[in-house]
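Chains A and B supply the protein sequences, listed in that same order.
First residue of the first sequence? That's 43 in my numbering, and the numbers climb one at a time after it.
First residue of the second sequence? That's 43 in my numbering, and the numbers climb one at a time after it.
Note that CB positions come from ideal geometry on N, CA and C, so glycine has one too.
To start, the structure under review is shown below, and the notes come after it.
Protein chains: 2
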Amino acid sequence: MSGEPKWAGWGEPGKRTPLGDGALALLRSELGEGVPATPVELAEVRMPEPQPLPEAIAAAVGDESVLTGHEQRVRRSAGRSYPDLVRLRGGALERAPDAVVVPADAAQVARVLEVCAAGGVAVVPFGGGTSVVGGVDPLAGPHGRVIALDLRRMRSVAVDPISQTATLGPGLRGPEAEWALGERGFTAGHFPQSFECATVGGFAATRSAGQASAGYGRFDEIVTAVELVTPSGTMRTLATPHTAAGPALRELVVGSEGTLGVITEVTVRVRPAPAERRYEAWVALDFAAGRELIRSLAQADALPDVTRLSDEAETRVSLGLSGADGARRAALDAYLKLRRRSGGCLVICGWEGESEAVDRRRAVSLRHLRRGGAVPLGGAAGRAWERGRFDGPYLRDELMDLGYFVETLETSHEWSRLDDTYRAVGGALDRALRDQGTPGIVLCHLSHPYRDGASLYFTFVSRARSGDELEQWHAVKSAACEAIVAAGATITHHHAVGTDHAPYMEAEVGGLGVEALRAIKARLDPAGIMNPGKLLPG
Amino acid sequence: MSGEPKWAGWGEPGKRTPLGDGALALLRSELGEGVPATPVELAEVRMPEPQPLPEAIAAAVGDESVLTGHEQRVRRSAGRSYPDLVRLRGGALERAPDAVVVPADAAQVARVLEVCAAGGVAVVPFGGGTSVVGGVDPLAGPHGRVIALDLRRMRSVAVDPISQTATLGPGLRGPEAEWALGERGFTAGHFPQSFECATVGGFAATRSAGQASAGYGRFDEIVTAVELVTPSGTMRTLATPHTAAGPALRELVVGSEGTLGVITEVTVRVRPAPAERRYEAWVALDFAAGRELIRSLAQADALPDVTRLSDEAETRVSLGLSGADGARRAALDAYLKLRRRSGGCLVICGWEGESEAVDRRRAVSLRHLRRGGAVPLGGAAGRAWERGRFDGPYLRDELMDLGYFVETLETSHEWSRLDDTYRAVGGALDRALRDQGTPGIVLCHLSHPYRDGASLYFTFVSRARSGDELEQWHAVKSAACEAIVAAGATITHHHAVGTDHAPYMEAEVGGLGVEALRAIKARLDPAGIMNPGKLLPG
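So this is what it looks like as structure tokens:
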């Protein structure tokens, strides 16, 4: 994506993914008719007047790098969660940054933080603005004033081809970083659904996990070193492949969500760009059989680089929404019936790398897939998934236009607890949607498999309660979070904490864990200006 | 090992690894004759009288679990570094714990820490006592009194065979943990050289890395959850395969070296016990060629589970000391000459797992080995390495008896900086030994390879300066540490920090990094009783 993304939706302004007639019919028959809703125009958005800021901020970065225009403020007033979009589309913003400050380098970041700490101005580090958990909400905390610190000018790239590492600026968006690495023959292999818009700094700050994490590793696993500029100075970890020199400070910075400081540089392991990418689909007998199959792949070190298993509901809906025309769909149905997998679960597998390695690894994976009773659907269905892998958020815009409530959330747990977690969270979502008077469809897939467990990713859709969208969201989201906590699962596998999950952090890390995090923050950010209201419970 | 280890040496009391005539001749011709030195008898060891302790300690654990006998105190008065052994063998200890306290469970640990914090008693968590960096020195810090908290009673084992995880008590020694896992068909795959004596709690507290880390992962990579009892309460991280819920507190506990609290439980990923273990030796043209070969293995995901490359000096000495009799040695020499690798470098490769996977993975590795110009030495030399893999510290005792100074140290760096680091550290050691008037042999191997770099492990031997062993050690160790820091490498890849590396922590993590660590410690251990003098610079 070259220019600015949609201001109240997802991604490329020109790009849409309209639902086909079949998909629309499915939605209406299962959920009822939504109340269509159109976003206000950007110029109509109302928000509080900007507060004046210390002049030293402009002195630090230059006047031209302090933006206070209407559009600039609106664009940094929210992330891309469902509640964010509801608020943006409604056009009455409770909060917006008083200014957007765009530093050129780490030294300017340091100076801005110094000025803001002295002047009592909150700072929200801003990359792609794609948080789905309130991570970039322009909260001023106790300070009354807040800036968005937009890192888009910090986009350096330095590659060490011998060590296969790259040191990247935080403001690089996913495609831009991949393009720069690709020119030198490398890839970071990090492709989360937010890839088109999200940035390297955001990947590190939120412990992002890409769709190919089983092969390339999560972002936290490929980071070897970070530079963090805090109000108390700069911290830089050594770029060595490993160290046993005490607690891992790198792991304190990764996942810190802007609450400790600003990540100004990230060194990551890169790999040779794959000569081959082979994606294909399989069908497992049911979700339980698919889960056992993926566990066997994981525990035998035989995972494809992309491995995901849809449950029965997601399989049914994704085939329904996939835009497969009637004839192709009918052929697929016939094929599945022939193979006696009429209610089966879709498995997407993708291998990337040198052709010889792809062949070799695929052969090992296939033995497990076949032994687990899965049936091949072939490459076309796999490539269809690959083509649409970043489309989920575009589809959400379409659904919101049609008056539907659509949200995703995720967790992870050990294999022995995964089925209980699946049932508990799915059940809680189902009940909560009914309780809202808007019975929904709850879909789930298992992805990011590990030797000891996997992530569960839930998507749910129902009619929106027009005018009460935020209350509806809050009730359903809370029910899911409580079910996750009760199952002993994590409140987030890769969406991070932000504001939405902060109330569950004590359940996650315990009271003393929260206190340890507070102690670090108090040392690095004594004035409490860094991203207030995020990560730590209120 | 069933009973107590040697009190002033390494491991099994009955076990020795005497040097053969050839090895003795080599030592004498290259280093000169040492002044033989015999340790004092255990009963003759002098140390300060124990200070009286708060009675509440005995109330917390029971009278029978507070040990103040001569032998018990001597045995917890030092780790197993060269200076530790010099002091123990000399029999005049400056310090010893005032008592050895042996809690039964986490609740007793919590109660002991509470009492010690209130009463001003320092606490040194004590597992296998194998630290080679002063990690268990009985330092009282500002408190005047110190106990060794021996975790040997905390040896629980709970295995989840579905998730392939095991929750282990901190006091389990390596062989005991492996035996318990092996009975259930699993292995943790963690085999550091200290395996026979070191404990699970120590592995976690020091970020231990085993000889098969390329395959099974370092200990920090297999830990999924920890419980830490601190003077301010208990912290427990969730046992999920991953979480994005903020900074990784697990990574704060791992590597904390007893300075934040006591690790009372560790959950680790385990694997099916390998059906096959295949070890073999190869010879690379020289160290640079071997390094490039191992880099190619690492960057192609083709590493054997054990991968190590000796430099020319280590190759020569290890063949000289290996106890190979004259005839076998001569045959080996002839073979190497035939292959035109007369000065080559030894490569040890080991693959473990299901037979089919071992064959498949070995075939891929072999392609790289051959392409890199390495020549096979066969399985016998590989198995010889495997048989002697835990013998290094036994050999140290023999050398010390003969009046030699022997020490090891290690670091890691990126591939592009590894050769510079190798030359700088090796050169510094060589010069420092000469400056002491005791020119030595400096050996190195490359191990723990990663995609982005590897560890370098140095072993050096010279005559001991009889009576001035500690000054000699300090001068040489300091020279090496300064060279490491100047190269931008890490002060330790897996030996941890303890007292010996604490002065280099600021170079490692920066002033603000040290302050962040201090802030966490101040919150979890406000009285500063936990393992004073370790990890953080004075």
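Relative to the C-alpha of threonine 357 of chain A, which candidate in A:Ala340, A:Ile336, A:Gly386 and A:Pro96 has its C-alpha closest?
Numbered from 1 along the first sequence, position 315 holds the residue referred to as residue 357 of chain A. Of A:Ala340, A:Ile336, A:Gly386 and A:Pro96, the residue nearest in Cα terms is A:Gly386.
At least three beta-carbon pairs within less than 8 Å, the segment 520–529 of chain A to the segment 466–473 of chain A:
yes
Of the choices B:Ser119, B:Pro145, B:Leu578 and B:Phe447, whose alpha-carbon is the least far from that of arginine 507 of chain B?
In the second sequence, the residue the question calls residue 507 of chain B occupies position 465. Answer by Cα proximity: B:Phe447.
Chain A residues whose Cβ lies nearer than 8 Å to that of serine 454 of chain B:
Walking along the second sequence from the start, residue 454 of chain B turns up at place 412. Those are Thr282, Pro283, His284 and Thr285, listed as they occur along chain A.
DSSP state of aspartate 192 of chain A, grouped into three classes?
Taking the first residue of the first sequence as 1, we reach residue 192 of chain A at position 150. Aspartate 192 of chain A: strand per DSSP, three-state reduction.
Cutoff 8 Å: serine 585 of chain A Cβ touching any chain B Cβ
Outside the shown range of chain A (43 to 580) lies residue 585 of chain A, about which nothing can therefore be said.
Could you check whether the segment 135–152 of chain B touches the segment 172–190 of chain B, counting it as contact only if at least three pairs of C-beta atoms, one from each stretch, sit closer than 8 Å?
yes
Assigned exposure category for histidine 487 of chain A - 16 Cβ within 10 Å defines buried:
Position 445 of the first sequence, counted from the start, is the residue given in the question as residue 487 of chain A. With 16 or more Cβ atoms within 10 Å of its Cβ, histidine 487 of chain A is classed as buried.
Opening and closing residue of the alpha helix (DSSP H) in which serine 255 of chain B lies:
Looking up residue 255 of chain B in the second sequence gives position 213. Where serine 255 of chain B is concerned, the enclosing alpha helix (DSSP H) stretches over 255–258.
Return the Cβ separation of proline 212 of chain B and isoleucine 305 of chain B in integer angstroms, given the expectation that the two are a contact with Cβ distance under 8 Å.
As a working note, residue 212 of chain B is residue 170 in the second sequence. As a working note, residue 305 of chain B is residue 263 in the second sequence. Indeed, because the Cβ distance is near 5 Å, the residues count as touching under 8 Å.
Arginine 58 of chain A (DSSP reduced to helix, strand or coil)
As a first step, residue 58 of chain A is located in the first sequence; it is residue number 16 there, counting from the start. Arginine 58 of chain A: coil per DSSP, three-state reduction.
N- and C-terminal bounds of the beta strand (DSSP E) containing isoleucine 264 of chain B
Position 222 of the second sequence, counted from the first residue, corresponds to residue 264 of chain B. Here isoleucine 264 of chain B belongs to no beta strand (DSSP E); instead the alpha helix (DSSP H) covers 261–264.
Nearest to arginine 505 of chain B by CA position, among B:Thr349, B:His535 and B:Leu441, is which residue?
For the purposes of this step, residue 505 of chain B is taken as residue 463 along the second sequence, with counting starting at 1. When each option's Cα is compared against that of arginine 505 of chain B, the closest is B:Leu441.
Same chain only: Cβ atoms within 7 Å of histidine 535 of chain A, ignoring 5 sequence neighbours per side
Here the question's residue 535 of chain A lines up with position 493 in the first sequence. Hits under 7 Å: Ala251, Glu452, Thr453, Ser454, His490 and Ser497.
How about the segment 154–166 of chain A and the segment 556–571 of chain A: do they share at least three Cβ pairs that are nearer than 8 Å?
yes
Less than 8 Å separating the beta-carbons of leucine 578 of chain A and arginine 565 of chain A?
Taking the first residue of the first sequence as 1, we reach residue 578 of chain A at position 536. Taking the first residue of the first sequence as 1, we reach residue 565 of chain A at position 523. Contact flag unset, no.
Verify the CB distance criterion: does methionine 572 of chain A have a CB-CB separation below 8 Å to chain B?
Taking the first residue of the first sequence as position 1, residue 572 of chain A is located at position 530. Taking Cβ atoms only, chain B never reaches closer than 8 Å to methionine 572 of chain A, which makes this a no.
Runs of 4 residues minimum, wholly inside the segment 377–418 of chain B: which ones carry the alpha helix (DSSP H) assignment?
397–413
Where does glutamate 299 of chain B land, buried or exposed, given buried means 16+ other C-beta within 10 angstroms?
For this step, residue 299 of chain B is matched to residue 257 along the second sequence. By the neighbour-count rule (16 or more Cβ atoms within 10 Å), glutamate 299 of chain B is buried.
Let me see if you follow: with CB-CB separation under 8 Å, is proline 289 of chain A close to chain C or not?
Within the model displayed, chain C is absent; protein chains A and B are what it includes.
Taking the C-alpha atoms as reference points, what is the distance between aspartate 477 of chain B and proline 167 of chain B?
Reading the second sequence from its first residue, position 435 is the one you call residue 477 of chain B. Reading the second sequence from its first residue, position 125 is the one you call residue 167 of chain B. Whole-angstrom Cα-Cα distance: 37 Å.
Can you pull the chain B residues whose beta carbon is under 9 Å from the beta carbon of serine 236 of chain A, in chain order?
Within the first sequence, the letter at position 194 stands for residue 236 of chain A. Within 9 Å Cβ-Cβ: nothing; serine 236 of chain A doesn't reach chain B, min ~13 Å.
Which bits of chain B does glycine 495 of chain A rub up against, with CB to CB less than 7 Å?
Within the first sequence, residue 495 of chain A is the residue found at index 453, counting from 1. Going along chain B in sequence order, the residues near glycine 495 of chain A (Cβ under 7 Å) are Ser205, Thr282 and Pro283.
Within chain A, the residues that leucine 566 of chain B reaches when beta carbons sit closer than 9 Å
Along the second sequence, one-based indexing puts residue 566 of chain B at 524. The contacting residues are Leu554, Glu557, Ala558 and Ala561.
Quick check: what's the CA-CA separation for leucine 214 of chain B versus proline 96 of chain B?
Your numbering for residue 214 of chain B matches position 172 in the second sequence. Your numbering for residue 96 of chain B matches position 54 in the second sequence. Distance between the alpha carbons of leucine 214 of chain B and proline 96 of chain B: 28 Å.
Three-state secondary structure (DSSP) at leucine 345 of chain B?
Taking the first residue of the second sequence as position 1, residue 345 of chain B is located at position 303. Looking at leucine 345 of chain B - three-state DSSP - the assignment turns out to be coil, as it is neither helix nor strand.
Separation of aspartate 262 of chain B from valine 308 of chain B, as counted between CA atoms
Within the second sequence, the letter at position 266 stands for residue 308 of chain B. Within the second sequence, the letter at position 220 stands for residue 262 of chain B. Each residue's alpha carbon lies about 11 Å from the other.
Below 8 Å between beta carbons is the criterion; list the residues of the segment 517–538 of chain A that meet it against any residue of chain B, in chain order.
Gly530, Ala531, Thr532, Ile533, Thr534, His535, His536, His537 and Ala538
Bounding residues of the alpha helix (DSSP H) (the contiguous stretch that carries valine 77 of chain B):
Along the second sequence, one-based indexing puts residue 77 of chain B at 35. That residue, valine 77 of chain B, is in no alpha helix (DSSP H); it is neither H nor E in DSSP.
Compute the Euclidean distance between the alpha carbons of serine 198 of chain A and tryptophan 52 of chain A, then round it to the nearest angstrom.
Within the first sequence, the letter at position 156 stands for residue 198 of chain A. Within the first sequence, the letter at position 10 stands for residue 52 of chain A. Rounded to whole angstroms, serine 198 of chain A to tryptophan 52 of chain A spans 26 Å at the Cα level.
Continuous alpha helix (DSSP H) stretch holding glutamate 220 of chain B: start and end:
Position 178 of the second sequence, counted from the start, is the residue given in the question as residue 220 of chain B. Per DSSP, glutamate 220 of chain B belongs to the alpha helix (DSSP H) from 216–225.
Where proline 78 of chain B falls, given that 16 or more other Cβ within 10 Å makes a residue buried:
Along the second sequence, one-based indexing puts residue 78 of chain B at 36. Label assigned to proline 78 of chain B: exposed.
For leucine 69 of chain B, decide whether its Cβ has a neighbour in chain A, counting only Cβ atoms nearer than 8 Å.
As a working mapping, residue 69 of chain B is identified with position 27 in the second sequence. So, not an interface residue.
Quick one: grab the DSSP three-state call for aspartate 477 of chain A.
Position 435 of the first sequence, counting from 1, holds the residue named residue 477 of chain A. Helix at aspartate 477 of chain A.
With DSSP as the reference, label tryptophan 49 of chain A as helix, strand or coil.
Translated into the one-based positions of the first sequence, residue 49 of chain A becomes position 7. Tryptophan 49 of chain A: coil per DSSP, three-state reduction.
The beta strand (DSSP E) enclosing glutamate 456 of chain A, as first and last residue numbers
To locate residue 456 of chain A, count along the first sequence from 1; it is residue 414. Unbroken beta strand (DSSP E) run through glutamate 456 of chain A: 446–456.
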